Amino acid sequence: MQYTNLRGILWLCLFISGVLTAQEQRQIEGRITDTKGDPLLGVTIWIPEISKGTTTDLEGDFSLVIPSNSKQFHLKASFIGYNPETRTIKQGNSFFEIRFEESATELEQVNLSAKSRIQQIEALAYNVEVVDAKKLHHTSLDIGHALDRVSGIRVRESGGVGSDMQLSMNGFRGNQVKIFIDGIPMENFGSSFQLNNIPINLAERIEVYKGVVPVGLGADALGGAINIVTNSDFGNHLDVSYSYGSFNTHRSNINAIYTSETGFTARLNAFQNYSDNDYNIQVDVADLETGEYFPNQEVQRFNDEYHNETIIGNIGVVNTPYADKLLIGFAVGQNYNEIQTGARQVSVYGDRHRRGNILMPSFKYKKEDVFIGGLDVTLNANYNFGEEEVVDTVNRRYNWFGEFIEYDSPGGELNYTHLKFQNNNGIANANVTYEINDSHKIALSNVYTTFNRERENLLSEESQIYSQPQKTTKNIAGIGYTFEQENWSITTFLKNYNQVNVFEEAYRPEGSEYGTVAYRPRQNTFNNFGYGGAATYFLTDNLQLKTSFEKSFRLPEPNELFGDGGVLLEGNSSLRPETSYNYNFGVGYLFRIQKYHQVNLSTNGFYRDAKDFIRPRLNQNQVFQVMDNLADVTNLGIETEARYSYKDKWSAGANLTFQNLRNNTRYEGGQTQESILYRDRIPNIPYLYGNADASYTLESPFNSKNNISFGYNLLYVHSFYLYWPSLGSTKLEVPEQIAHDLSMTYSFGKYNNFQFTLEARNLADANLYDNFSLQKPGRNFTGKIRYSF
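End of the sequence shown = 788 in numbering that gives the first Met the number 0, gap-free, step of one.
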């Protein structure tokens, strides 16, 4: 599919979604005050019939869009310290003025009824943090960079827009941290659907589980999980945005939902990203003809264009007797990525590139109270028919000045190839929960994943290596039990991990000539059990203690076993599954000063004891990365965060993470002499980092119905070694990183339906590196326009 064609489809989607969402909806509004007539901020508004809600602003006002039909809805309002109120929404009334009376009941007895969905999740026993994505919809952030501001998380990129990205959480990184969308693992979404090309507008909230993961998120997560929750609105909704920024960067996004009074629903998500990524970097350059050396030159990247386009459509029904949600969907997308450099910046390419697509049908089903009250069932399945392609067919040698020497013989810049492969991977998962009563709940989950790569090199169709099988299947099954009381709860669970890998092993037949290669079939099978538990206790309404433990396994991913097709990662079929004993303990304290000042303090300590720890290292020619096992690794760390807010005007916060990730492998390869690397800090992983942010909102001096918001964000990462500290006299390191970002948003109207945002990132134009020598963009600017209703 051509880029221009898919871009045209995006605009067609915009037109259709605008027509759909303009039908059969109406807006209700209201104001909530206390008995003195003072407005109440943060009152929870909830309409159970359509599972939709909001909160009041600093003026006590709220607004919701609901289906415009004859069905009768109920508006439920609740707030800590006040009696809850319920109103019936009839066809004729659209404005509700509610006056709350203070509750004569003790505060702890009404606390739960006033919690928002985010507060309910954070009150769980797990070490979980929730990002309210709706508060970031006016920004040009993607989901990856939004997560980079969460305590304990570092998002590392090899360059600009669309570059290779890895996320680490409390020292565990990459595939050790599992990513979900609405509880569905993202393992088979391909290169067209990654964290750094998904706009933040796609998410309603992002749940970050550190360490122990709920059994409902069935996966082999070693260090935690991230669940991206999309808009669950059952009404009608449209959100459209476009941004333009430095390095010719364009981003656009469309989210639309239409729901009829009969329950029929159509949903559309479409987004695109484009960038030349032609920012300047500091690098050493050598003349190709004379070999003359030019150190520390400022040059412009020239082979780094990236674009992706994705459309996700779903149709089905909601709120019917047989399904709360039944959706049939299809995702189609494509991406193109020029490859500027290898794992280190000493390699430079001028024509290497890759491209891929996603063709994924999907099925989603959810029903509460199936057959009996308290029995809930969720089923999801998808299958990706997409292809990936790596092209390296120009026999040239480049330097960073853009100069090149071309050779007459066939060849490539790294390895002469035009590789096409189809991964043919699918996922099916099921979750069943049964709430026996208010105190007891049982949960069952099962996730089955299949992978079967088919490859061909169009330049070497006769080569046997591309016809060898690369297959893997995984099945993760779990059962959990939860016991809850008024101010405490405890959860226990058991998981079974199963994996089968099928591949061909190259060998030299006995008696054959040197260089002769043959292949023999191999199959690796793994099966084991993990277990764990989590508990929380509220000492007071505002002071919460949490603790959790698990023995968890993480099974190698197909890309780690078989490589990524020759882009950055070399395969290692001998990888062993890794396991870890994870311990967490946390304290959270939230309190209010007078009426509108709120302070939230939290501290979490963690300890990880991992065996067969999977980590990346450079291969022999230092061009590719390869995953390898390290026998024993420990990690003792702490993260802390403090936040303050005043009404909807002021907000400020800071977080800091320290992790002491150490090699605990005392003897290597059966040796009796202690390893020189024993107790060394694990290289190429940050161990001290943090964020700080502040925002201020004021009424526009031009129009009292509009407002202006100013935001600031600081990123700090302490320097860390690239290689083992005990090896070599010269210790290469990734230097200290400090970045400053500023933003300004002008919002029009009472409900901020139209917004214009200006952003400046890396304001000090610092040289930033997440990976050794791979420089990220310098100072850059972005403008974004967003409209929603």
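Glycine included, C-beta positions come from ideal geometry on N, C-alpha and C.
Predicted model only: the values in this text are computed from it and were never measured.
Short Cβ contact (7 Å threshold) for residue i with residue j
| i | j | result |
| --- | --- | --- |
| Gln498 | Lys473 | yes |
| Gln339 | Arg300 | yes |
| Phe329 | Pro294 | no |
| Gly777 | Asn761 | yes |
| Asn187 | Asn383 | yes |
| Ser601 | Ala124 | no |
| Leu287 | Ile183 | no |
| Asn428 | Asn379 | yes |
| Ile253 | Ala269 | yes |
| Asp283 | Glu304 | no |
| Leu194 | Gly143 | yes |
| Asp679 | Trp723 | yes |
| Leu542 | Asn558 | no |
| Ser718 | Pro700 | no |
| Gly604 | Phe590 | no |
| Ala691 | Ala641 | no |
| Glu483 | Ser438 | yes |
Residue from the options with nearest C-alpha to residue i
| i | options | result |
| --- | --- | --- |
| Leu544 | Val127, Gly29, Ile46 and Tyr686 | Val127 |
| Ser259 | Val446, Pro66, Glu96 and Thr34 | Pro66 |
| Leu687 | Tyr711, Asn663, Gly668 and Phe657 | Phe657 |
| Phe663 | Asn634, Tyr643 and Ala651 | The question names Phe, but residue 663 is Asn in the sequence shown. Of Asn634, Tyr643 and Ala651, the residue nearest in Cα terms is Asn634. |
| Met168 | Val160, Ser150, Asn235 and Val598 | Ser150 |
| Asn779 | Arg148, Tyr278 and Val345 | Tyr278 |
| Ser346 | Asp323, Asn356, Gly401 and Gly312 | Gly401 |
| Gly41 | Tyr81, Glu297 and Asn334 | Tyr81 |
| Ile205 | Gln71, Val212 and Ile227 | Ile227 |
| Gly587 | Leu39, Thr535, Glu367 and Gly410 | Thr535 |
| Leu49 | Thr448, Asn235, Arg153 and Phe95 | Before going on, a small fix: residue 49 reads as Ile here, not Leu. Taking only the C-alpha atoms, the option nearest Ile49 is Asn235. |
For residue j and residue i, the rounded distance between their alpha carbons
| i | j | result |
| --- | --- | --- |
| Thr20 | Gln26 | In this predicted model, Thr20 has a pLDDT of only 45, less than 50, meaning its place in the structure is not dependable enough to derive any value. |
| Leu574 | Thr515 | 25 Å |
| Ala265 | Leu146 | 29 Å |
| Arg785 | His137 | 7 Å |
| Gly76 | Glu84 | This sequence places Ala at residue 76; Gly is not what is there. Using only the alpha carbons, I get a separation of about 5 Å. |
| Ser746 | Ile707 | 6 Å |
| Tyr241 | Ser251 | 4 Å |
| Leu135 | Glu503 | 48 Å |
| Asp740 | Glu758 | 7 Å |
| Phe450 | Glu386 | 13 Å |
| Met0 | Thr309 | With a pLDDT of 44 at Met0, under the threshold of 50, the modelled position of this residue cannot be trusted, and the question is left open. |
| Phe788 | Asn628 | 51 Å |
| Gln774 | Leu201 | 28 Å |
| Ala651 | Glu337 | 39 Å |
| Asp407 | Leu237 | 55 Å |
| Met743 | Gly349 | 38 Å |
| Lys177 | Gly189 | 15 Å |
| Val632 | Phe612 | 7 Å |
| Phe623 | Ile120 | 40 Å |
| Ser772 | Arg351 | 20 Å |
| Asp797 | Phe263 | With the chain covering 0 to 788 only, the question about residue 797 has no answer from this structure. |
| Phe420 | Pro468 | 12 Å |
| Val160 | Asn356 | 17 Å |
| Lys363 | Tyr582 | 34 Å |
| Asn712 | His596 | 21 Å |
Cβ neighbours of residue i in the same chain (closer than 6 Å, five flanking residues each side left out)
| i | result |
| --- | --- |
| Ser579 | Leu221, Ser551, Arg607 and Ala609 |
| Ala113 | Caution applies to Ala113, whose pLDDT of 42 falls short of 50 and renders its modelled position unreliable; the model cannot decide the point. |
| Leu63 | Ile27 and Thr53 |
| Asp219 | Ile475, Tyr496, Phe552, Arg553 and Leu554 |
| Gln22 | Reliability of the predicted coordinates at Gln22 is poor, the pLDDT of 45 falling under 50, and the value obtained from them is presented with this limitation in mind. No residues qualify anywhere along the chain. |
| Thr432 | Asp375 and Ala442 |
| Asn230 | Glu203 |
Check: residue i C-beta below 6 Å from any heavy atom of the ligand HEM
| i | result |
| --- | --- |
| Pro700 | Inclusion of the ligand HEM in the displayed structure is not the case, the ligand content being empty and no account of it being possible. |
Proximity test, Cβ basis, 7 Å: residue i and chain D
| i | result |
| --- | --- |
| Asp323 | The structure shown has no chain D; it contains just one protein chain. |
7 Å Cβ shell around residue i - same chain, five flanking residues per side excluded
| i | result |
| --- | --- |
| Ser162 | Glu156 |
| Asn527 | Tyr496 and Phe552 |
| Pro198 | Asp141, Arg250, Asn252 and Phe270 |
In chain order, each beta strand (DSSP E) run of at least 3 residues that lies wholly inside the segment 635–667: 649–662
Sequence ranges, alpha helix (DSSP H) only - wholly within the segment 490–529, length at least 4: none
Sequence ranges, beta strand (DSSP E) only - wholly within the segment 465–490, length at least 3: 469–483
Start-end ranges of the alpha helix (DSSP H) lying completely within the segment 103–181, minimum 4 residues: 116–121 and 142–146
Entirely enclosed beta strand (DSSP E) segments - the segment 696–777, minimum 3 residues: 706–716, 736–747, 753–760 and 768–770
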